[in-house]
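Colleague: Residue numbers (the numbering used here): 904 to 1080. One structure coming up, written as structure tokens, with questions to follow.
Right under this line is the structure:
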């Protein structure tokens, strides 16, 4: 009489090595519903004010130029871009036929509920709370804190790219809905 075996019982016979507590080892904390952090795009298709990854950082293209090389060379694209989070300037030169990574950049607006221990307590339009965005350093953070302490309702613009999120701007929330 043949006995039925489940998939886990068949794995070792097929060359798979699975620990007994594999289900406990699975980590879903960094899962993003299958969305990729970047996508490839040919250099010649990149445009000014678009985004690109340079030296592992998500950047906004502020200037680009194309130059022809010798009779057997490829046209080169010279990119000048700034990091979307730090405003640091980066440059890169790449053949126009090569692919470069373009970051998936999302912008979302949240209502500021509280400032707690250097972090912003935010609420989205659908009522979900978010409390893992740091209060920006420098003048922007000081302005947010000062206006919040004055009792103003503020909307915070949060930009996310490549597993980083930063509050990059704010405005006073519209009154009297």
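All C-beta atoms in this analysis are idealised placements derived from N, C-alpha and C, irrespective of residue type, glycine included.
By the 10 Å Cβ neighbour count, where 16 or more other Cβ atoms means buried, how is residue 942 classified, buried or exposed?
Modeller: It counts as exposed.
Colleague: Exposed or buried, what is residue 961 when buried is set at 16 or more other beta-carbons lying within 10 Å of its beta-carbon?
Modeller: Flag for residue 961 reads buried.
Colleague: Is the distance from the Cβ of residue 992 to the Cβ of residue 967 below 9 angstroms?
Modeller: No, the pair does not count as a contact, with Cβ atoms beyond the cut-off.
Colleague: Examine the Cβ distances between the segment 1026 to 1044 and the segment 1066 to 1074 and report whether three or more of them are shorter than 8 angstroms.
Modeller: At 8 angstroms Cβ cutoff, the stretches touch.
Colleague: Determine, using beta-carbon pairs with one atom in the segment 978 to 992 and one in the segment 1020 to 1035, whether at least three such pairs fall under 8 angstroms.
Modeller: The answer is no - the segment 1020 to 1035 does not touch the segment 978 to 992, with fewer than three Cβ pairs under 8 angstroms.
Colleague: With DSSP collapsed to three states, give me the class of residue 1047.
Modeller: In the structure shown, residue 1047 sits in a helix (DSSP, three-state: H, G or I).
Colleague: Could you tell me which whole beta strand (DSSP E) segments of length 3 or greater appear in the segment 965 to 1010?
Modeller: As far as the segment 965 to 1010 is concerned, its whole beta strand (DSSP E) runs of at least 3 residues are 979 to 986, 992 to 998 and 1002 to 1006.
Colleague: If the criterion is Cβ atoms closer than 9 angstroms, does the pair residue 1014 and residue 1056 meet it?
Modeller: Cβ atoms of residue 1014 and residue 1056: closer than 9 angstroms.
Colleague: Please determine, among 1024, 1046, 949 and 999, the residue with the shortest C-alpha to C-alpha distance to residue 984.
Modeller: The option with the nearest alpha carbon to residue 984 is 949.
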